[in-house]
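In the numbering used here, the protein residues as written are 658 to 1219.
Don't be surprised by glycine CBs; every beta carbon is placed ideally from N, CA and C.
This structure is a prediction, so every number in the text was calculated from the model and none was measured.
What follows is a short report on a single structure.
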């Protein structure tokens, strides 16, 4: 972490030192000025960096302490969570400090060279090894990335319209956020759907090292440090650092089977307050605090009048099956079901996690269920949806592959089953959208036919901009809609393929293709891979097709429900 921070600050280090020398005797608090000079919400005023530290080997330990002391208060608070002072002393006494520092000096850990995602994997691997050595509780630290993506998609699945609105503000919260992986994946997914969205993330973490990694990483990611300031340290169960706050989206992977003895007094005091506190439904057995985290998350839901909230939490089988009638666990489950908050439970494959092979389940909860889902709980058995890993990582021997997502899309019913019945006076608007796969030289044209009355997509084809692709679009239009009148731009392929007595080529200023042009704006807001200037793109034609197909199915069904 120190090497990464040093790499980030290196380009502006001289400017910070010069500014600090100029103003340190004139300003009581030059913090804001030094932040501006560094380009980040933190800085370092020590004359040392990794290069110069190694140039004075006899005083390395002393100078390294000076280097750490030169960080701004906010970053020094983070760094101290690693207990570097004791580590430096131990390495120095063992004669290893120079060797360790020299190895890291020669590694480029700048975010341009090693992404935040890659750093997360590196840290996960280190923690996994430490867990094996110290026999940590299962699920204590990390959630596999594919499970995180699944949870985020489940959270956002029904909110594409809301999140696509201009100026939308979204808040995301993780009460046991670890290194912040769930929060950053969720934020990135929302920004992919709507680059103009304002997304605020909040979290709390009890482990000092993982808290430090999360906060330092978020400081590096933004110039204002806003997200980092929203990450708090301490036990969520006994000391809620976001007391009184409510959020749009809440997700977590609490530790499985971990005792809550250390939090017992505070938890029971709050439970005695009934539903005025966070644990009014009851407390589970002292050996497992998962259902305490679940109740805490439910207490953070926004009222329905303010838009409500959605929750995704991954837990083992204990919260599902432990506890006889009248027990704490049973009463908590009854309270959740009576309030109709539980939307779905997904059974995941075994051996997905790094340090446990047990069965896990994703619970999805919300206080704003769609009308057609009220009073029901959807149970999804996905335990067989996995592929074996070529090389296991601890207990993780399986993963959910991207190809399986494609298979799920392939097994969707035909697009025609999502359509309303055609009317004799219906009008189709035709157009083609430019997109690309892997790189911008690999152009793909999405040919689309939209029904003006229902706003539904009645057919599409992804290919090149040729007469053959236009013919494929015509062949995919259901028979009932082929008799409809249609409008397109002046591209000659339409005039050749579509019947002349029912088709007309028009200019965009005619207004006859306004609806499909607006639909393209909707598509671009929801799926960044279809924005021409974006850096987000499909890695293969197969995924390009699958993502588009999933979106169109969901969009058409939304049109019917409205």
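Supposed close pair residue i, residue j - CB separation, criterion 8 Å
{"i": "residue 881", "j": "residue 837", "result": "With a Cβ gap of about 17 Å, residue 881 and residue 837 do not count as contacting."}
{"i": "residue 894", "j": "residue 946", "result": "6 Å"}
{"i": "residue 699", "j": "residue 913", "result": "Wrong, their Cβ atoms sit about 35 Å apart, outside the cutoff."}
{"i": "residue 665", "j": "residue 832", "result": "Incorrect: roughly 29 Å between the Cβ atoms, too far for contact."}
{"i": "residue 898", "j": "residue 889", "result": "3 Å"}
{"i": "residue 821", "j": "residue 1215", "result": "Actually they are not in contact, since the Cβ atoms of residue 821 and residue 1215 sit about 12 Å apart, beyond 8 Å."}
{"i": "residue 1022", "j": "residue 999", "result": "6 Å"}
{"i": "residue 1124", "j": "residue 1154", "result": "7 Å"}
Exposure label - residue i; buried when at least 16 CB within 10 Å
{"i": "residue 932", "result": "exposed"}
{"i": "residue 1201", "result": "buried"}
{"i": "residue 958", "result": "buried"}
{"i": "residue 1078", "result": "exposed"}
{"i": "residue 978", "result": "exposed"}
{"i": "residue 760", "result": "exposed"}
{"i": "residue 944", "result": "exposed"}
{"i": "residue 1056", "result": "buried"}
{"i": "residue 885", "result": "buried"}
{"i": "residue 1086", "result": "buried"}
{"i": "residue 751", "result": "exposed"}
{"i": "residue 995", "result": "exposed"}
{"i": "residue 1182", "result": "buried"}
{"i": "residue 1098", "result": "exposed"}
{"i": "residue 1096", "result": "exposed"}
{"i": "residue 1091", "result": "exposed"}
Under the three-state DSSP convention, the category residue i falls into
{"i": "residue 724", "result": "helix"}
{"i": "residue 897", "result": "coil"}
{"i": "residue 1169", "result": "coil"}
{"i": "residue 1026", "result": "coil"}
{"i": "residue 766", "result": "coil"}
{"i": "residue 732", "result": "helix"}
{"i": "residue 1080", "result": "coil"}
{"i": "residue 1129", "result": "helix"}
{"i": "residue 794", "result": "Annotation note: pLDDT 49 at residue 794 (below 50); position unreliable, coordinate value reported separately. Residue state, collapsed to three classes: coil."}
{"i": "residue 823", "result": "coil"}
{"i": "residue 833", "result": "coil"}
{"i": "residue 807", "result": "helix"}
{"i": "residue 1213", "result": "helix"}
{"i": "residue 1112", "result": "coil"}
{"i": "residue 695", "result": "helix"}
{"i": "residue 1154", "result": "helix"}
{"i": "residue 668", "result": "helix"}
{"i": "residue 1148", "result": "coil"}
Residue of the options minimising C-alpha distance to residue i
{"i": "residue 764", "options": "1079, 861, 707", "result": "707"}
{"i": "residue 954", "options": "1077, 1020, 742", "result": "1020"}
{"i": "residue 1076", "options": "776, 1116, 1084", "result": "1116"}
{"i": "residue 757", "options": "714, 736, 1113", "result": "714"}
{"i": "residue 858", "options": "840, 851, 940", "result": "840"}
{"i": "residue 783", "options": "870, 741, 834, 683", "result": "870"}
{"i": "residue 1212", "options": "1120, 1107, 1164", "result": "1107"}
{"i": "residue 1126", "options": "1140, 1111, 1089, 1097", "result": "1089"}
{"i": "residue 1110", "options": "811, 930, 1169", "result": "1169"}
{"i": "residue 672", "options": "684, 1172, 694", "result": "694"}
{"i": "residue 1204", "options": "1103, 1140, 1215, 1128", "result": "1103"}
{"i": "residue 813", "options": "835, 842, 801", "result": "842"}
{"i": "residue 1138", "options": "886, 1148, 1156", "result": "1156"}
{"i": "residue 860", "options": "1073, 883, 683", "result": "883"}
{"i": "residue 1158", "options": "809, 970, 1141", "result": "1141"}
{"i": "residue 1034", "options": "1001, 1101, 1040", "result": "1001"}
Q: Taking only runs that begin and end inside the region 838-921, name each unbroken beta strand (DSSP E) of 3 or more residues, in chain order.
A: 855-862, 888-890, 906-909
Quick one: complete beta strand (DSSP E) runs, 3+ long, within the region 926-1005?
-> 967-973, 999-1004
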